[in-house]
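Peer 1: Residues in the sequence shown are numbered from 10 upward in steps of one, following our numbering.
By construction, the Cβ of each residue, glycine as well, lies at the ideal position given by its N, Cα and C atoms.
To start, I am sharing the structure in question, which I have written as structure tokens.
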Amino acid sequence: INRRFLLLYASQKGQAKAIAEEICQEAKEHGFEADIHCFSESEQYNLDKEKDPVVIVTSTTGTGELPDTAIKFIKEINDKSLPSDHLSHIRYGLLGLGDSEYTFFCNGGKIINKRFLELGAQRFCEVGLADDDNGHLCYITSL
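Next comes the structure, spelled out in structure tokens:
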């Protein structure tokens with residue numbers, strides 16, 4: 010049985026990275042192996058050829074934007090010439106972080122989720138939306 014999954018994160022101030030590392034550690038304790046990368050490390054992973062599940066952790070910055078580390082990635086998947094089944098081989102889970110005081114709460118995660126669905130990816134669990142400071146542990150245990 011293959012117990013590997015790809016874990017991608019986008020972090021502006023380090024919170025999403027810390028949570029991704031926590032997920033990685035929790036996974037290891039349960040016999041899973043996470044291949045963890047920041048979205049900006051695109052030479053280290055290839056979603057076009059990914060066969061294992063993908064877990065995404067992303068924060069939200071500014072007025073609902075993705076962190077700087079995800080800008081290149083989101084430009085690539087927003088390419089209008091991509092077919093609607095471009096990511097149909099991907100099964101994913103997503104945790105979006107944000108500050109519930111803001112209007113565009115967890116919008117970074119919502120942006121990625123919307124585009125993944127448009128490109129045919131299939132979620133293996135509900136999208137988790139959590140306040141930066143709390144709530145992420147519930148999501149980790151649900152994976």
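Using DSSP with H/G/I as helix, E/B as strand and the rest coil, what is Gln21?
Peer 2: coil
Peer 1: Assuming Gln24 contacts Leu106 (C-beta within less than 8 Å), just tell me the rounded distance between them.
Peer 2: 6 Å
Peer 1: With DSSP as the reference, label Cys33 as helix, strand or coil.
Peer 2: In the displayed model, Cys33 falls within a helix according to three-state DSSP.
Peer 1: In whole angstroms, what separates the C-alpha of Asp57 from that of Asp108?
Peer 2: 32 Å
Peer 1: Expressed to the nearest angstrom, what Euclidean distance is found between the alpha-carbon atoms of His98 and Gly129?
Peer 2: Approximately 8 Å between the Cα atoms of the pair.
Peer 1: Taking DSSP as the reference, what is the three-state secondary structure of Gly102?
Peer 2: Strand, per DSSP.
Peer 1: Using a threshold of 9 Å, state whether the C-beta atoms of Thr67 and Ser20 are closer than that.
Peer 2: yes
Peer 1: So Leu16 and Ile32 are supposed to be a Cβ contact under 8 Å. How far apart are they, rounded?
Peer 2: 6 Å
Peer 1: Are the beta-carbon atoms of Glu85 and Ser51 separated by less than 9 Å?
Peer 2: yes
Peer 1: Exposed or buried, Phe14, counting other C-beta atoms within 10 Å across all chains shown (16 or more means buried)?
Peer 2: Per the 10 Å Cβ criterion, buried.
Peer 1: Our contact map puts Phe48 next to Phe82 with C-beta atoms below 8 Å; I'd like the distance itself, whole angstroms only.
Peer 2: 4 Å
Peer 1: Find the nearest neighbour of Ala139 within the set Phe114, Asp61, Ile120, Ile121, judged by alpha-carbon distance.
Peer 2: Phe114
Peer 1: Could you tell me the alpha carbon to alpha carbon distance between Leu104 and Lys26, rounded to whole angstroms?
Peer 2: Approximately 12 Å, taken between the alpha carbons.
Peer 1: CA-CA distance, Val64 and Gly102?
Peer 2: If you take the alpha carbons of Val64 and Gly102, they lie about 5 Å apart.
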